[in-house]
Amino acid sequence: MYKDRNYTEILPNDYPLSLKQSKYAPKKLYAMGNLPAPGAPLVGIAMVGTRRPSNSARELCHRLVFSLRGTNAVIVSGLAQGIDSLCHEASLDAGLPTIAVLAQGFGTNVEGSRGELLERILDEGGAAVTEFSPGTPAYKGNFPARNRIISGLCESVVIVQSKTKGGALITADYCLAEKKKLLAV
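Written out as C-alpha cells, the structure is:
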C-alpha cells in the first residue's frame, strides 16, 4: 500500500527535470518511487485536462502518449480523475515513465481508482511528488500549487481536454509565464 512506502525529502539542487530552473520551484519536495536523476536526458511533458472528459478521451490520451514512445519523454500529471489519470494509465501502458504530482502530503488517503493507479505507478517504476508535508490533506487551495509544480517539471504542457475554467488552464498560465511551450488538443 502506498501509505506504507518510504518517501524522501529533496532539496532544490537535486530536483529532477526542469524544476530546478523553474521560478515556481518549491523550497522542498517529497518524493516516492523512481524520480529521474538530476541532469538525466529526459524531457518532462505535462498532460492535463478536465475531470469530466468526453467519451473519446481514453483513446485520445493513448494516442498522444503512445506517439512519444521511443523518445526521452516523461509524462507528468496530477493524478486527478479524468484526463490526468487517463494519461498516467497510457504512460504505463506505453512503457513510458510517469510522475504523479499530488495536492496532498504522503500518508494521506488517495481514494478509489486513483489510489490503485498510484500503486501501479509506483510498482511499475514511476514516481509521486508533493510539496506538502506528510499528513497534509488535499485542501482546495493545494491544487493551484500542485499545478505550478506540474508545469515546473516540464518543458511543455499539453491541454488534452478542458472546460473554459479549471485546473488545466491554471497549469497553462504557469507554463506561459515561464515561456514554455503550450499545446492544446
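Just remember that my numbering sits 52 ahead of the position in the sequence shown, which is counted from 1.
For each residue, glycine too, the CB sits at the ideal point set by N, CA and C.
Quiz prompt | Delimiting residues of the alpha helix (DSSP H) encompassing G178 | solution = By 1-based counting over the sequence shown, the position of residue 178 is 126. No alpha helix (DSSP H) holds G178; DSSP gives it neither H nor E.
Self-check item: Backbone CA spacing between P90 and A197 [nearest angstrom]
Solution: One-based indexing of the sequence shown puts residue 90 at position 38. One-based indexing of the sequence shown puts residue 197 at position 145. Going from the Cα of P90 to the Cα of A197 covers about 22 Å.
Practice problem: With DSSP as the reference, label G164 as helix, strand or coil. | Solution: Position 112 of the sequence shown, counted from the start, is the residue given in the question as residue 164. Note: G164 maps to helix in three-state DSSP.
Exercise. Using the DSSP secondary-structure output, state which residues sit across from K233 in a beta bridge.
Key: Against the sequence shown, residue 233 aligns to sequence position 181. DSSP output for K233 lists S208 as bridge partner(s).
Quiz item: Can you name, in chain order, every residue of its own chain whose Cβ lies under 8 Å from the Cβ of R121, other than the five neighbours on each side?
Solution: Within the sequence shown, residue 121 is the residue found at index 69, counting from 1. These residues qualify, in order along the chain: A146, G147, L148.
Self-check item: Nearest residue (CA-CA) to S165, options E61, A132, K215
Solution: For the purposes of this step, residue 165 is taken as the residue at position 113 of the sequence shown. Selected option, being the one with the closest Cα: A132.
Quiz prompt | C-beta atoms of A155 and F195 nearer than 8 Å | solution = Residue 155 sits at position 103 when you count from the first residue of the sequence shown. Residue 195 sits at position 143 when you count from the first residue of the sequence shown. Cβ atoms of A155 and F195: closer than 8 Å.
Exercise. Tell me the start and end of each unbroken beta strand (DSSP E) in the stretch 63–105 that is at least 3 residues and wholly inside, in chain order.
Key: 81–85, 95–101
Quiz prompt | With 16 other Cβ atoms within 10 Å as the buried cut-off, status of G130 | solution = Residue numbering aside, residue 130 sits at position 78 when the sequence shown is read from its first letter. Flag for G130 reads buried.
Exercise. Can you give me the start and stop residues for the alpha helix (DSSP H) that A146 sits inside?
Key: Start at 1 with the first residue of the sequence shown, and residue 146 comes out as number 94. Note, A146: alpha helix (DSSP H), 135–146.
Self-check item: Outcome for K55 when other beta-carbon atoms lying within 10 angstroms are tallied against a minimum of 16
Solution: Position 3 of the sequence shown, counted from the first residue, corresponds to residue 55. It counts as exposed.
Quiz item: Where does S203 sit, in a helix, a strand or coil, going by DSSP?
Solution: As a working note, residue 203 is residue 151 in the sequence shown. Reduced to three states, the DSSP call for S203 is helix.
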